[in-house]
Amino acid sequence: MSESPLREPTFLVLTALTEEPRHGYAVIEDVLRISDGRVRLRAGTLYAVLDRLRSDGLIEVDREEVVQSRLRRYYRLTALGATRLATEVDRLRRHADTAGRRLRAAGLLPEGGPA
Numbered sequence: 671m672s673e674s675p676l677r678e679p680t681f682l683v684l685t686a687l688t689e690e691p692r693h694g695y696a697v698i699e700d701v702l703r704i705s706d707g708r709v710r711l712r713a714g715t716l717y718a719v720l721d722r723l724r725s726d727g728l729i730e731v732d733r734e735e736v737v738q739s740r741l742r743r744y745y746r747l748t749a750l751g752a753t754r755l756a757t758e759v760d761r762l763r764r765h766a767d768t769a770g771r772r773l774r775a776a777g778l779l780p781e782g783g784p785a
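For the sequence shown, the working numbering begins at 671 and goes up steadily by one.
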């Protein structure tokens, strides 16, 4: 049985954590960048996603520091998280390739078009 598709915010949070450990606000900013400004995570949504990803073993706490009397927690992708993200990338790519081929075959997308 295959795993269910990742929801877009989850996919983007995992993607944001691929380069380096990040704290919550940095994740929010990177998700905004990755999505070209389309996905704006609220703090409550982000921390619910982070908690779920931690409990699933896809991310873990890298370190904590105190900044201006507030605790800043940095998260990093685990090996399991990287594998799960790579699986989702492959799934999305296969679907996009199929859609592109069908659009071209139907004459709805020119050869060499974006899909």
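Heads up, the beta-carbon is just placed ideally off N, CA and C, and yes, glycines get one too.
Quick one: using the 10 Å Cβ neighbour count with 16 as the cut-off for buried, is residue i buried or exposed?
i	result
L687	buried
M671	Model confidence at M671 stands at a pLDDT of 43, short of 50, so the residue's coordinates are unreliable and nothing is read from them.
R733	exposed
Y745	buried
D700	buried
L741	exposed
G751	buried
R754	buried
Helix, strand or coil for residue i? Go by DSSP, reduced to three states.
i	result
V709	coil
E658	The shown model of the chain, from 671 to 785, leaves out residue 658, and the question about it has no answer.
E781	coil
R766	The sequence as given places Ala at residue 766; Arg does not occur at that position. Correct three-state label for A766: helix.
A756	helix
A749	helix
A776	coil
Work out the CA separation of residue j and residue i for me, nearest whole Å.
i	j	result
A713	R774	41 Å
R763	E673	16 Å
A766	D721	30 Å
G707	D760	24 Å
P691	L702	17 Å
L716	E781	40 Å
D726	R677	14 Å
A749	L728	7 Å
L747	L682	12 Å
I704	G777	31 Å
Exercise. Which runs of the beta strand (DSSP E), 3 residues or longer, sit entirely within the segment 676-746?
Worked result: 729-737
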